[in-house]
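Chains as they are written, first to last, in my numbering: chain A, 432 to 543; chain B, 4 to 119. As structure tokens, the structure follows; a few thoughts come after it.
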Amino acid sequence: AQTVTQSQPEMSVQEAETVTLSCTYDTSESDYYLFWYKQPPSRQMILVIRQEAYKQQNATENRFSVNFQKAAKSFSLKISDSQLGDAAMYFCASLNNNDMRFGAGTRLTVKP
Amino acid sequence: GAVVSQHPSWVICKSGTSVKIECRSLDFQATTMFWYRQFPKQSLMLMATSNEGSKATYEQGVEKDKFLINHASLTLSTLTVTSAHPEDSSFYICSARDPGQGYGYTFGSGTRLTVV
């Protein structure tokens, strides 16, 4: 079984500043994938960034980057130059063998 | 990119009736689709894995007879909530993986079910 833990129910960031959302996971598999999804008020799940566990290099997508620490089973998301449109629920997820599990989520507020 | 269409977006039904939710992969074939349930301010909980041409695999604690899943084609999976009760009111989301998109999963827009 795999589990995903997000220990920050809520986070707040000033517009244009940087914020880091935490995520830890636990899996017995050696081959797995990690994701961050954004869920705005519309509740549509939007893929933010993804990481293959076998890759050492941290994934980056424009203002979004991850800090993947495989030994520590940690997968944090850094949002740089935060924008008002970044406000949403963020879910960390792990995937292996077609089984995707989500963390409890972090609600991000962006202050103008 | 891969698109998953989910209908209806919202539905209100009376207790004791059944409701069907459709999940379609629009531009790719999905041999496997997934159904999640999300309560307000909570995470997505996997209910079942829908397999084309075979029986769905349900997560522990999910009633198979209440949540009927049919995956009759490579582009359509349906979730039928039978004999609905108010406690079945929730947000239901489906997802599928487009093999052409690597290992990424695409989600439908969700269905808000209210049972009165």
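The C-beta atom is built at its ideal place from N, Cα and C for all residues, glycine as well. Being a predicted model, the structure only gives us computed values, none of them experimental.
Contact set between residue i and chain B, taken where Cβ atoms lie within less than 8 Å
| i | result |
| --- | --- |
| residue 493 of chain A | Result: empty, since nearest Cβ-Cβ is about 16 Å, beyond 8 Å. |
| residue 535 of chain A | 45, 46 |
| residue 499 of chain A | Within 8 Å Cβ-Cβ: nothing; residue 499 of chain A doesn't reach chain B, min ~15 Å. |
Beta-carbon separation (whole angstroms), residue i vs residue j, contact threshold 8 Å
| i | j | result |
| --- | --- | --- |
| residue 27 of chain B | residue 79 of chain B | 5 Å |
| residue 112 of chain B | residue 475 of chain A | 5 Å |
| residue 86 of chain B | residue 19 of chain B | 6 Å |
| residue 454 of chain A | residue 479 of chain A | Not a contact, Cβ separation roughly 12 Å. |
| residue 504 of chain A | residue 457 of chain A | 6 Å |
| residue 23 of chain B | residue 81 of chain B | 6 Å |
| residue 8 of chain B | residue 35 of chain B | In fact, because the Cβ distance is near 17 Å, the residues do not count as touching under 8 Å. |
| residue 469 of chain A | residue 519 of chain A | 5 Å |
| residue 465 of chain A | residue 506 of chain A | 5 Å |
Any chain A beta carbon closer than 7 Å to residue i
| i | result |
| --- | --- |
| residue 112 of chain B | yes |
| residue 61 of chain B | no |
Below-7 Å beta-carbon distance, residue i vs any chain B residue
| i | result |
| --- | --- |
| residue 475 of chain A | yes |
| residue 464 of chain A | yes |
Those residues which DSSP pairs with residue i across a bridge
| i | result |
| --- | --- |
| residue 533 of chain A | A/524 |
| residue 518 of chain A | DSSP lists no partner for residue 518 of chain A. |
| residue 457 of chain A | A/434 |
| residue 109 of chain B | B/99 |
| residue 492 of chain A | A/495 |
| residue 115 of chain B | B/13, B/94 |
Residues that residue i contacts on chain B, provided the C-beta gap is smaller than 7 Å
| i | result |
| --- | --- |
| residue 489 of chain A | Neighbours of residue 489 of chain A on chain B: none; closest Cβ ~17 Å, over 7 Å. |
Neighbouring residues, chain B, relative to residue i (Cβ below 9 Å)
| i | result |
| --- | --- |
| residue 529 of chain A | 35, 37, 52, 100 |
| residue 478 of chain A | 107, 108, 109, 110 |
| residue 522 of chain A | 46, 47 |
Neighbouring residues, chain A, relative to residue i (Cβ below 8 Å)
| i | result |
| --- | --- |
| residue 106 of chain B | 464, 481, 483, 526 |
Neighbouring residues, chain A, relative to residue i (Cβ below 9 Å)
| i | result |
| --- | --- |
| residue 94 of chain B | 474 |
Closer than 6 Å: residue i CB and nearest the ligand FMN heavy atom
| i | result |
| --- | --- |
| residue 54 of chain B | Judged by which ligands are present, the structure shown has none, so any question about the ligand FMN falls away. |
Can you list, in chain order, the stretches of the beta strand (DSSP E) that have 3 or more residues and sit fully within the stretch 52 to 98 of chain B?
70 to 76, 79 to 84
Of all the beta strand (DSSP E) runs that stay within the bounds of the stretch 15 to 58 of chain B, which reach a length of 3 or more residues?
22 to 28, 35 to 41, 47 to 54
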